[in-house]
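Worksheet: the structure to be examined is printed underneath.
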Amino acid sequence: MNKFKFDTLHLPSSHKVRLAQVILQYAPGAMVDFSDRTLLTAAPYTWHSSIGTDENIRPICDPRFARALHVDGFEAPTQINYVQFPEWYFCPVCRRFQPLTSWQAEAERNAKGGDNPYRQMRNRAAIKRSWQQDNQECKAFLPRCSNHDCHNSELIPARIVVACKHGHLDDFPWVKWVHYRNIGGAKEPCCESPVLLFESGGGTETGEDIRITCTKCHAVATLKGVFTADAFQKVNEDLDREIFYCSGRLPDFGSHSECNQMPRALLRGATSVHFPMVRSSMVIPSQISSPEIDIDDLAYRWEEYQALCNEQYGKPGDEFTRVDSGPLSDYERFGSLHLQQVELLDQVRIVRAFLGYSRLRPAARRDDEGFIHARLPQDKAYPAYEGFGEGIFLRFDEEAIKEWLELTPRAAKRAWLVEQNRQKGFFAGESHTPITPKFLLLHTLAHLLIKELSFECGYNIAGLNERIYCADREVNNTDFDMAGIFIYAAGGDAEGTLGGLIRQGRADTLPQIFQRALAKARSCSNDPMCSGSHGQGQDGQNLASCYACALLPETSCEEFNLFLDRGVVVGTFDEPEIGFYSKVAFTRTRHVCSNMAKTQVTECVNVEEKSATEGWEAKRGELLEDEAIEAAKLMEKAGVPVPDIIGAELLNGRCNVEMIWQKQKIVYLTSEQMDQASELRKEGWRILDIGQPVDPGIFEL
Numbered sequence: 186m187n188k189f190k191f192d193t194l195h196l197p198s199s200h201k202v203r204l205a206q207v208i209l210q211y212a213p214g215a216m217v218d219f220s221d222r223t224l225l226t227a228a229p230y231t232w233h234s235s236i237g238t239d240e241n242i243r244p245i246c247d248p249r250f251a252r253a254l255h256v257d258g259f260e261a262p263t264q265i266n267y268v269q270f271p272e273w274y275f276c277p278v279c280r281r282f283q284p285l286t287s288w289q290a291e292a293e294r295n296a297k298g299g300d301n302p303y304r305q306m307r308n309r310a311a312i313k314r315s316w317q318q319d320n321q322e323c324k325a326f327l328p329r330c331s332n333h334d335c336h337n338s339e340l341i342p343a344r345i346v347v348a349c350k351h352g353h354l355d356d357f358p359w360v361k362w363v364h365y366r367n368i369g370g371a372k373e374p375c376c377e378s379p380v381l382l383f384e385s386g387g388g389t390e391t392g393e394d395i396r397i398t399c400t401k402c403h404a405v406a407t408l409k410g411v412f413t414a415d416a417f418q419k420v421n422e423d424l425d426r427e428i429f430y431c432s433g434r435l436p437d438f439g440s441h442s443e444c445n446q447m448p449r450a451l452l453r454g455a456t457s458v459h460f461p462m463v464r465s466s467m468v469i470p471s472q473i474s475s476p477e478i479d480i481d482d483l484a485y486r487w488e489e490y491q492a493l494c495n496e497q498y499g500k501p502g503d504e505f506t507r508v509d510s511g512p513l514s515d516y517e518r519f520g521s522l523h524l525q526q527v528e529l530l531d532q533v534r535i536v537r538a539f540l541g542y543s544r545l546r547p548a549a550r551r552d553d554e555g556f557i558h559a560r561l562p563q564d565k566a567y568p569a570y571e572g573f574g575e576g577i578f579l580r581f582d583e584e585a586i587k588e589w590l591e592l593t594p595r596a597a598k599r600a601w602l603v604e605q606n607r608q609k610g611f612f613a614g615e616s617h618t619p620i621t622p623k624f625l626l627l628h629t630l631a632h633l634l635i636k637e638l639s640f641e642c643g644y645n646i647a648g649l650n651e652r653i654y655c656a657d658r659e660v661n662n663t664d665f666d667m668a669g670i671f672i673y674a675a676g677g678d679a680e681g682t683l684g685g686l687i688r689q690g691r692a693d694t695l696p697q698i699f700q701r702a703l704a705k706a707r708s709c710s711n712d713p714m715c716s717g718s719h720g721q722g723q724d725g726q727n728l729a730s731c732y733a734c735a736l737l738p739e740t741s742c743e744e745f746n747l748f749l750d751r752g753v754v755v756g757t758f759d760e761p762e763i764g765f766y767s768k769v770a771f772t773r774t775r776h777v778c779s780n781m782a783k784t785q786v787t788e789c790v791n792v793e794e795k796s797a798t799e800g801w802e803a804k805r806g807e808l809l810e811d812e813a814i815e816a817a818k819l820m821e822k823a824g825v826p827v828p829d830i831i832g833a834e835l836l837n838g839r840c841n842v843e844m845i846w847q848k849q850k851i852v853y854l855t856s857e858q859m860d861q862a863s864e865l866r867k868e869g870w871r872i873l874d875i876g877q878p879v880d881p882g883i884f885e886l
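Heads up: the sequence shown at position 436 corresponds to 621 in this note's numbering, and the numbers run straight through without jumps.
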């Protein structure tokens, strides 16, 4: 690996990013668009230290995580360095297009002399400011166009770069492209001191509309076809020699090496320019951890699962602490949620480490081709950050899941379809745990609960995260089973979070949240297309799941919003019975306010089984709308029998009704629900109209 000139930039406070962003989207090797320039985050070794004493580095301790990654520890940077990349900029007024070094040299010349005193003063001030940012030496400055007619216009970075699948990145070869792709034929050799113009010929600014002109030799080329995978290879074949090739450059490391790959042109902001590999770990008691477990091994999650399930861990002074969630029977008062355990963790620490990145396609493991490690071989730490927070752990009844799978073979077929789509797609051939209906169920359920919890707990949905604990002895070839989800919020402040999440995990609130999540999952604004999908999202790796119903911000999801399906949770329009929770219908949540106290009362019923035993007075107390309460009073006076169910769903959740008389197949709708009347009548339901005299005889069987 050969070194070349490598200047890193220390930026002022106005150009800072959060530590979490340095580990995720703005990690080393990624470009960051600031207000006045675009820079690339430098490699961690430029931040100094590697398990040592350094004011720019704060150590993070998680021995189990460090052993799993074969390092000594983790480091959180307090000072981030950047590299000037891309290096080509153009003026939006005069359209001149040249490397930043040329713009800087031009500004320095104008600052030293010239016949325009204003321009001299302006450029001297710009240079002085850029070298004294926050009293830190800045080894590059961003000048402005010095042409008089451009009126001090700001420069714009080139929006096209080139990368190869070995992780190399460089500026687009503008000079070569304009000369060897000249419209009138290749102009050889290239100009020694070319002067380029960057022009757009139309409003769309597609590749064909963008023209690069060399004013020195009058070569002109468009960017037509530049984004195709073999664009450079075709030019080489047409000219019968190797003009375009990968430079082997790693600008974040300040190095380059030999490379036999052909680069590909990409937009600067394209997702495929930088795929970070991030691994996370929950800090647990050291008694549980084993010395020889890799981070990608299911046994690593099994250790966390054991710690969460075993109540002897989580006491004051432990790595995480839990609060009493009460007996499990309190969570099942309104119907079975198939839960075996609920744990509320009021203090938890999550460590996330940046291991490296790849370009063009994401790497599944650290030994994949093209993966660029974040640390040098001699480094002893990975860059990381730690979050302190709280979480809700739910362990599900594995026997109930097994029984569901035995009785519903169609659920396994849906998981098989997701796995087939994955094998045919972008990640074909990559190692991955097989997709099972159990994993689809747990993963989708975690997404549905996070969406619903975000309305109640006070955290933005992007502030909630998931950890899925799923394993099967037969499928995963393990000696343990797992069926749990951990939903948590973790901030960078050592004081942690405020308890809003675990409050929603108590028995008086979680069942209602769970029920509402399932009720909303029964329908989607994109149905029936979403419900009946055989593959949507990236490579069709989701079934009945889209942004309107189940997808989250990608930072909240461990699987980047893949492997989701509402069908295995609540069924689909075509197959309503295949979901794990298909046979249970839920009522809406009722808010009862008394003075300053506010409680929530929710009833979970099976529409096919429950009958009414309470009188009218009790039933009226369950109604939400004033209109329905007044209607109930009129019904009582008219001698109408008490309804069986208050506030439930019919027809697979497509219709919300206020009152139901099951045996007579009669429903009462509020004025807001009347648009559902025609669909209910088609299914044989009669609509009770209290605007007309009510005949109690219609309720006789």
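Yeah, the Cβ is synthetic: ideal placement off N, Cα and C, and Gly gets one too. It should be emphasised that the depicted structure is a prediction, and the values quoted were computed from it without experimental measurement.
Collapsing the DSSP output to three states places residue 503 in coil. It is roughly 9 Å from the alpha-carbon of residue 729 to the alpha-carbon of residue 735.
Between residue 872 and residue 852, the gap from beta carbon to beta carbon is short of 8 Å. The bridge partners DSSP lists for residue 273 are 284.
Per DSSP, residue 758 is not a residue of any beta strand (DSSP E), being assigned neither H nor E.
In terms of Cβ geometry, residue 227 and residue 278 do not form a close pair [threshold 8 Å]. By the neighbour-count criterion, in which a residue is buried when 16 or more other Cβ atoms sit within 10 angstroms of its Cβ, residue 378 is exposed.
Residue pairing by DSSP places residue 577 opposite 529, 672 in a beta bridge.
Under DSSP, residue 714 forms no beta bridge with any residue. In this structure, residue 407 lies near residue 396, with their beta-carbon atoms less than 8 Å apart. Contact check for residue 537 and residue 468: beta-carbon distance about 12 Å, past the 8 Å limit, so the pair fails to qualify. Residue pairing by DSSP places residue 465 opposite 537 in a beta bridge. In the same chain as residue 200, and ignoring 5 residues on each side of it, the C-beta atoms closer than 6 Å to its own belong to 219, in chain order.
Between residue 274 and residue 205, the C-beta gap is not smaller than 8 Å, which leaves the two residues out of contact. If you ignore the 5 residues before and after residue 450, its C-beta comes within less than 7 Å of the C-beta of 345, 347, 357, 411, 412, 416, all in its own chain and listed in chain order. With a threshold of 16 other beta carbon atoms within 10 Å, residue 623 meets it and is buried. If you look at residue 639, you'll find it in the alpha helix (DSSP H) that goes 622-641. Using a Cβ distance threshold of 8 Å, residue 241 and residue 263 count as a contacting pair.
In the DSSP assignment, residue 396 falls within the unbroken beta strand (DSSP E) covering 395-399. Taking the CA atoms as reference points, residue 702 sits about 23 Å from residue 719. Where residue 830 is concerned, the enclosing beta strand (DSSP E) starts and stops at 830-835. Judged by beta-carbon spacing, residue 603 lies within the 8 Å limit of residue 726, meaning their Cβ atoms are closer than that value. Here residue 688 carries a helix assignment [DSSP, helix/strand/coil]. Taking the C-beta atoms as reference points, residue 432 is found nearer than 8 Å to residue 355. Between residue 689 and residue 651, the C-beta gap is not smaller than 8 Å, which leaves the two residues out of contact. The beta-carbon distance between residue 444 and residue 351, rounded to whole angstroms, is 6 Å. This is short enough to meet the 8 Å contact definition. Annotation for residue 846: the continuous beta strand (DSSP E) segment containing it runs 840-846. Excluding the 5 residues flanking it on each side, residue 557 has same chain C-beta neighbours closer than 6 Å at 352, 541, 542, in chain order. In its chain, beyond the 5 residues on either side, 492, 498, 503, 504 have a beta carbon closer than 7 Å to the beta carbon of residue 470. Partner residues in the beta bridge of residue 543, as assigned by DSSP, are 460.
Straight-line measurement puts the Cα of residue 214 at about 12 Å from the Cα of residue 462. Its chain contains 580, 582 as the residues whose beta carbon lies nearer than 6 Å to that of residue 525, once the 5 sequence neighbours on both sides are disregarded; these appear in chain order. Shown here, residue 267 sits in a strand according to DSSP, grouped into three states. Contact between the stretch 565-576 and the stretch 477-490 is absent: fewer than 3 CB-CB pairs across the two stretches fall below 8 Å. Exclusion of the five residues before and after residue 599 leaves 622, 625, 728, 750, 752, 753, 763 as the residues of its chain whose Cβ lies within less than 8 Å of its Cβ.
Take the alpha-carbon of residue 208 and the one of residue 757: they are about 38 Å apart.
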